[in-house]
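Colleague: This structure is in structure tokens; I'll ask about it shortly.
Numbering (our numbering), first residue to last: 1041 to 1788.
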């Protein structure tokens, strides 16, 4: 009997022990799919939007645990209070709209306060409320805002359109006819031809610009480039049974580009003044044509193919002579797509220009006439992130920067101001957090809200003159969030490949986290060089990570070398080398984290990503299978020759050389080891879906085992709900070594 009792006790302990370490079960799946609602709306007193009225009043909508409330700040009085009586306004709106408006669901915008009255916008009306008796009246109906439909990103500008362009004095209109430039007198309708050298293969564009004095015209000829389309089949259209063939304009690296040659015309003399092209003869693009206000010249920007030369060029309006105003060069790449900034002063005498020439992204003041650098405006081992505003009247530049504090995460945004001459540098923010500032209309006060992934938001009002806090407006309450079992992400840094540079990332743990358990690691990756990607502000749910962690994983995200927003040297790692993707730094970072936290199983590391992250995830098991064992790659550009021209030539350069093949997952498919799931949308018009299919084809020819999911009707995507299921199941099966539960069980 005692023997049987011992066996029973052992069996009970074994089962309970097994259950305590179970991961990837129905219970975990239920939590995983519920995080969107479980953690949603549980961060209170964290307003998102602030609207100033002059320098004395600012309103915002606060989210308390009980209700939403509109708050009004008075800098003149030094007070904060409710902007109006919420119950009385809700009652008035209910009566006026003939439907119940709850106190906690008042939804109004564009509030303005004046003489005891409040004006505001509803969805369809501009209204006024008398704050004495709360009577409402309509000021005017509002036009319904049109949706900003930007259309397909690769659509080309039609340079042959027939629109006329009026001169500033309205005496003439310019237009294109028979591939040439014509001008017509608006009073007599008499037209005359200005150019005679246009043809079907080298035509004048309908984009023309008159000089401010209406005496000259800049028009350019276009020698068309290659017409490259991608094709795919929409297998399951919504409106018919049979599939549809679709195509998109889609230039790829190495394709022939249009060549544009600006020409100058004197309208009064009917004279064509030729413009030499030798200073812009290897074009990726010329753009931003601007006449000087005194009509003495026009300028334009020249981006040399390969992105190692970027110029501002000036064309003399009398002679057509071209000269260089700004000549930006780099031995690697100029980050024109993310860091270019230009501001011409109103008198055209000075230009503010951004450059990484000293190793960091900084601002320079140019003489607009001579092209000489008058002053380096900002300086230091930190980058300017974004110019917010240029105040010419006071010679102030407002901008954001990061990396200003050695003891802080170098990606945290701070707000600053500096004079044109590089003097009087002012920091509006210093607290250890990622800041978002909203200035009053004349920059006398500002709202500063700051947080980190491991520090909830704090919102304060500050005085711009001394940068001191006038009053604390809100401190976020996350008590309800914590009751769900939510775990605070951890900010973690470790040395990179050079042994000196700090690499930063975050660690996300499940709500059921137990340091006695063993956790496989999954990295969520996006190593696109155009930015940095690890979240820096407080959130309750981190896309691509939080839900996955709930299945029983430790999920991490890291910014390795080759990504942006650090030094130029840090960024240069990506040059002609996208397969690197910061992997040497990522592996060291994960190893350092696992050394500190033994429950992180360094022998079971997975990775997933989409788009450039899909390429990175594929590269993890092609070029780094010594470390990464399981990968899910969605809509990846697995060969940079197959993807869009602008993004890939920006980092991989031109011409297309052997380095493109060296970085290709497809070309190196025989090196793939580990477990790989490929996903692709069948009508992806961002990254050609043929890139994934060619990678799959190469893997098959190399006798490699992998999984492939094609998503009918989907474009550029991480997979949607179905793809999310497949990704979770793949990691659960391959890393946890557990058979995933049936999905109908999860939704019971």
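Built from N, CA and C at the ideal position, the CB exists for glycine as well.
(1) From this set, 1107, 1581, 1596, which residue's C-alpha is nearest residue 1127's C-alpha?
(2) Relative to the ligand GDP, is the shortest distance from any of its heavy atoms to the C-beta of residue 1244 smaller than 7 Å?
(3) Considering just the uninterrupted stretch of the beta strand (DSSP E) at residue 1215, what are its terminal residues?
(4) Can you tell me which of 1356, 1396, 1278 puts its alpha carbon nearest to the alpha carbon of residue 1257?
(5) Could you give the distance in angstroms between the alpha-carbon of residue 1709 and the alpha-carbon of residue 1407?
(6) Is the distance from the Cβ of residue 1290 to the Cβ of residue 1785 below 8 Å?
(7) Residue 1124 lies in the beta strand (DSSP E); which residues open and close that run?
(8) Let me know the beta strand (DSSP E) ranges lying completely inside the segment 1238-1263, each 3 residues or longer, listed in chain order.
(9) Ordered along the chain, which non-local residues of its own chain (more than five positions away) have a Cβ less than 7 Å from that of residue 1007?
(10) On a CA-only basis, which of 1634, 1225, 1731, 1511 is nearest residue 1308? Give me that one, please.
(11) So is residue 1351 buried or exposed if we call it buried at 16+ other beta carbons inside 10 Å?
(12) Compute the distance between the beta-carbons of residue 1691 and residue 1618, then report whether it is under 8 Å.
(13) Could you tell me how far apart the beta carbons of residue 998 and residue 1536 are, in whole angstroms, since I believe they sit closer than 8 Å?
(14) From the DSSP output, read off the bridge partner residues of residue 1366.
(15) How many Å lie between residue 1740 and residue 1263 at the Cα?
(16) Using DSSP bridges, identify the partner residues of residue 1545.
(17) Do you know whose CA, among 1367, 1304, 1388, lies nearest residue 1396's CA?
(18) Just to confirm the assignment: which complete alpha helix (DSSP H) runs, minimum length 4, are found wholly within the segment 1657-1706?
(19) Do you know whose CA, among 1766, 1337, 1081, lies nearest residue 1313's CA?
(20) Taking C-beta to C-beta, are residue 1362 and residue 1315 nearer than 8 Å?
(21) So residue 1766 and residue 1719 are in contact, right, with Cβ under 8 Å, and what is the actual spacing, rounded?
(22) To which residues does DSSP link residue 1425 through a beta bridge?
(23) Enumerate in chain order the residues of its own chain whose CB-to-CB distance from residue 1271 is below 6 Å, with the five nearest sequence positions on each side excluded.
(24) For residue 1300, count the other beta carbons within 10 Å of its own beta carbon; 16 or more makes it buried, fewer makes it exposed. Which is it?
(25) Could you say if the segment 1443-1463 and the segment 1508-1522 meet the contact criterion of at least three C-beta pairs nearer than 8 Å?
(26) Excluding the 5 residues preceding and the 5 following residue 1019 in the sequence, name in chain order all residues of the same chain whose CB lies nearer than 7 Å to its CB.
(27) Count the other C-beta atoms from every protein chain shown that fall within 10 angstroms of the C-beta of residue 1281, then say buried if there are 16 or more, exposed otherwise.
(28) Okay, do the segment 1592-1599 and the segment 1556-1570 touch, 3+ Cβ pairs below 8 Å being the bar?
(29) Out of curiosity, what's the CA-to-CA distance linking residue 1325 and residue 1240?
(30) Going by CA-CA distance only, name the one from 1569, 1578, 1120, 1415 that's closest to residue 1601.
(31) What does the alpha-carbon distance come out to for the pair residue 1141 and residue 1176?
(32) Taking the alpha-carbon positions, what's the residue 1443 to residue 1425 distance?
(33) What number of angstroms, rounded off, separates the C-alpha of residue 1579 from the C-alpha of residue 1687?
(34) Are at least three pairs of beta-carbons, each pair with one atom in the segment 1110-1122 and one in the segment 1076-1085, less than 8 Å apart?
(35) Is it buried or exposed, residue 1780, if we count other Cβ atoms within 10 angstroms and call 16 or more buried?
(36) Which whole-angstrom value describes the C-beta separation of residue 1706 and residue 1735, a residue pair presumed to lie in contact below a C-beta threshold of 8 Å?
Modeller: So, to answer that:
(1) 1107
(2) This structure lacks the ligand GDP, and indeed carries no ligand of any kind.
(3) For residue 1215, the uninterrupted beta strand (DSSP E) segment begins and ends at 1212-1217.
(4) 1356
(5) 53 Å
(6) Taking 8 Å as the Cβ cut-off, residue 1290 and residue 1785 do not qualify as a contacting pair.
(7) No beta strand (DSSP E) holds residue 1124; DSSP gives it neither H nor E.
(8) If only complete runs of 3 or more residues are kept, the segment 1238-1263 shows the beta strand (DSSP E) at 1243-1250, 1256-1263, in order along the chain.
(9) The chain is shown only over 1041 to 1788; residue 1007 falls outside these bounds and no answer can be derived.
(10) 1225
(11) buried
(12) By the CB criterion at 8 Å, residue 1691 and residue 1618 fall inside the cutoff.
(13) The shown model of the chain, from 1041 to 1788, leaves out residue 998, and the question about it has no answer.
(14) 1352
(15) Their Cα atoms are separated by approximately 42 Å.
(16) 1532, 1598
(17) 1367
(18) 1685-1692, 1698-1702
(19) 1337
(20) yes
(21) Indeed they touch by this definition, with Cβ atoms about 7 Å apart.
(22) The partner list for residue 1425 (beta bridge, DSSP) is empty, contrary to what the question assumes.
(23) 1287.
(24) buried
(25) no
(26) With the chain covering 1041 to 1788 only, the question about residue 1019 has no answer from this structure.
(27) exposed
(28) yes
(29) 21 Å
(30) The candidate whose alpha carbon is nearest that of residue 1601 is 1569.
(31) 14 Å
(32) 10 Å
(33) Straight-line Cα distance between these residues: approximately 30 Å.
(34) no
(35) buried
(36) 5 Å
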